[in-house]
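Below is one structure, written out as structure tokens; the observations come after it.
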Amino acid sequence: MAKKTSLPALPLLNSDDEELSSDRDQDLMNDEGGEILDFDFEAFPMEIDDREGIVNMLTQIFLRADIDTVALADAIIKQSPFGNVIGPAEDNSDEDSTNVVYGLLTLIELNNPKTETSKYAKEVLNFVLARARSYALKDILKSFDENINKRIALFINERMLNFPTQIISPSFSSIRMDIAGLKKPLKNILYIHKLRIADTSSDTKLVPASSVSSVPAKKRRRERLKRKDKQLLRWLMQKLYMIISKMNFLCRFNAFIDKVANTSFEK
Numbered sequence: 001m002a003k004k005t006s007l008p009a010l011p012l013l014n015s016d017d018e019e020l021s022s023d024r025d026q027d028l029m030n031d032e033g034g035e036i037l038d039f040d041f042e043a044f045p046m047e048i049d050d051r052e053g054i055v056n057m058l059t060q061i062f063l064r065a066d067i068d069t070v071a072l073a074d075a076i077i078k079q080s081p082f083g084n085v086i087g088p089a090e091d092n093s094d095e096d097s098t099n100v101v102y103g104l105l106t107l108i109e110l111n112n113p114k115t116e117t118s119k120y121a122k123e124v125l126n127f128v129l130a131r132a133r134s135y136a137l138k139d140i141l142k143s144f145d146e147n148i149n150k151r152i153a154l155f156i157n158e159r160m161l162n163f164p165t166q167i168i169s170p171s172f173s174s175i176r177m178d179i180a181g182l183k184k185p186l187k188n189i190l191y192i193h194k195l196r197i198a199d200t201s202s203d204t205k206l207v208p209a210s211s212v213s214s215v216p217a218k219k220r221r222r223e224r225l226k227r228k229d230k231q232l233l234r235w236l237m238q239k240l241y242m243i244i245s246k247m248n249f250l251c252r253f254n255a256f257i258d259k260v261a262n263t264s265f266e267k
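Quick note on numbering: this note's numbering labels position 145 of the sequence shown as 145, and the sequence is numbered without any gaps.
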């Protein structure tokens, strides 16, 4: 039986006010036209017609990474009705077109010692380890190494840029019920947190003009973005980037899900 969560009509804003810190952080959902869309939205169980939209959501997470997002999307859909996608309500949808996906919220198992690890899961885990070895603190990297071969699930919470916050609570209420229904609780959760920063040239004002006059402006900007990108990635790995831990984190994870599901987000 398909589950469905009705949501109020919400304006969907696409803006180009924010710019990511490097060329690889191009957001698929950024619309320079600033178009305002007004729809009724619902949370749906995933189906095969959501495949393209789910791949787009996954591509936003794994930008330019060597990961088979199509295979990952197929595995996510196979779990249905676990997890949900956000799309236009049935009254607003076009039956002749592929389902439009504005958000994705789910958990998917990547590694289980009792079964063979799939190719896409290995790619995700290798992606995590590569970033950890480059940017993580020693204790975080040690945690990855200790837990990477254990049963691990990837928590996916991805939405269109500037999507209305009112949709968060009902979406998390749905995933909370799904997690509560698992026969065997997951003890290790992997979460990739993406951070946006606006590009600014304010730091160039602190540099004497004589020291940069011989360097082309475009080259200075590229070098500045590279420095900022490296600092950002290191900070992400230290503070926000990905979390793998044991049972104590599962308790905090469930508490986090409950808190978000019960929070009223005002526009």
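C-beta atoms are modelled at their ideal positions from N, C-alpha and C, and glycine is treated no differently. Just so we're clear, the structure is a prediction, and the values are computed from it rather than from any experiment.
Practice task
Output yes or no for whether 9 Å exceeds the beta carbon distance between isoleucine 152 and asparagine 188.
Solution key: yes
Exercise for the section: Look at the Cβ atom of isoleucine 148, then the Cβ atom of asparagine 112, and state whether they are nearer than 9 Å. Expected result: no
Handout entry: methionine 46 vs proline 81 beta-carbon contact at 9 Å
Key = yes
Exercise for the section: Tell whether a beta-carbon distance below 9 Å holds between arginine 159 and tyrosine 102. Expected result: yes
Practice task
Reducing DSSP to helix, strand and coil, say where alanine 180 ends up.
Solution key: DSSP places alanine 180 in helix when its eight states are reduced to three.
Practice task
Reducing DSSP to helix, strand and coil, say where asparagine 126 ends up.
Solution key: Helix.
Exercise for the section: May I have the straight-line CA-CA distance separating glycine 181 from isoleucine 108, to the nearest angstrom? Expected result: 14 Å
Handout entry: Span separating the alpha-carbon of isoleucine 61 from that of proline 216
Key = In a straight line, the C-alpha of isoleucine 61 is about 33 Å away from that of proline 216.
Handout entry: Residue closest to glutamate 52, alpha-carbon to alpha-carbon, out of Leu105, Tyr191, Asp178 and Val70
Key = Val70
Exercise for the section: Entirely within the stretch 58-106 and at least 4 residues each: give me those alpha helix (DSSP H) ranges in chain order. Expected result: 69-78
Exercise for the section: Report buried or exposed for glutamate 42, applying the criterion of at least 16 other Cβ atoms within 10 angstroms of its Cβ. Expected result: Flag for glutamate 42 reads buried.
Practice task
Return helix, strand or coil for glutamate 116, following the three-state DSSP convention.
Solution key: The DSSP-derived three-state label of glutamate 116 is coil.
Problem - Nearest-angstrom Cα separation, counted from glutamate 116 out to glycine 87 - result: 33 Å
Practice task
Report the three-state DSSP secondary structure of alanine 217 (helix, strand or coil).
Solution key: helix
Problem - Burial state of proline 185 (16 or more Cβ within 10 Å) - result: exposed
Handout entry: Nearest neighbour of isoleucine 192, chosen from Leu125, Lys114 and Ile167 [CA to CA]
Key = Looking at the Cα atoms, Leu125 is the closest of the given residues.
Practice task
Go through its chain and collect everything with a Cβ distance to isoleucine 175's Cβ below 6 Å, but skip five positions before and after it.
Solution key: Leu105
Handout entry: Strand pairing of asparagine 157, partner residues [DSSP]
Key = DSSP links asparagine 157 through a beta bridge to Leu105.
Handout entry: Span separating the alpha-carbon of leucine 129 from that of lysine 119
Key = Cα to Cα, leucine 129 sits roughly 15 Å from lysine 119.
Practice task
Mark aspartate 178 as exposed unless 16 or more other C-beta atoms lie within 10 angstroms of its C-beta, in which case mark it buried.
Solution key: buried
Handout entry: Beta-carbon proximity list for lysine 138, same chain, < 7 Å, skipping 5 on both sides
Key = none
Problem - For aspartate 139: DSSP bridge partner residues - result: Paired residue(s): none; aspartate 139 is not in a bridge.
Exercise for the section: Ignore the nearest five residues each way along the sequence and tell me which others in isoleucine 76's own chain have a CB closer than 7 Å to its CB. Expected result: Met46, Ile54, Gly83, Thr106 and Ile108
Problem - Residue environment, serine 171, which counts as buried when at least 16 other CB atoms sit within 10 Å - result: A residue is called buried once 16 or more other Cβ atoms fall within 10 Å of its Cβ, and serine 171 is buried on that count.
Practice task
Classify isoleucine 273 as helix, strand or coil using the three-state DSSP reduction.
Solution key: The structure shown does not extend to residue 273, since the chain is modelled only from 1 through 267, so no value can be given for it.
Problem - Coil, strand or helix - phenylalanine 144 by DSSP - result: In the structure shown, phenylalanine 144 sits in a helix (DSSP, three-state: H, G or I).
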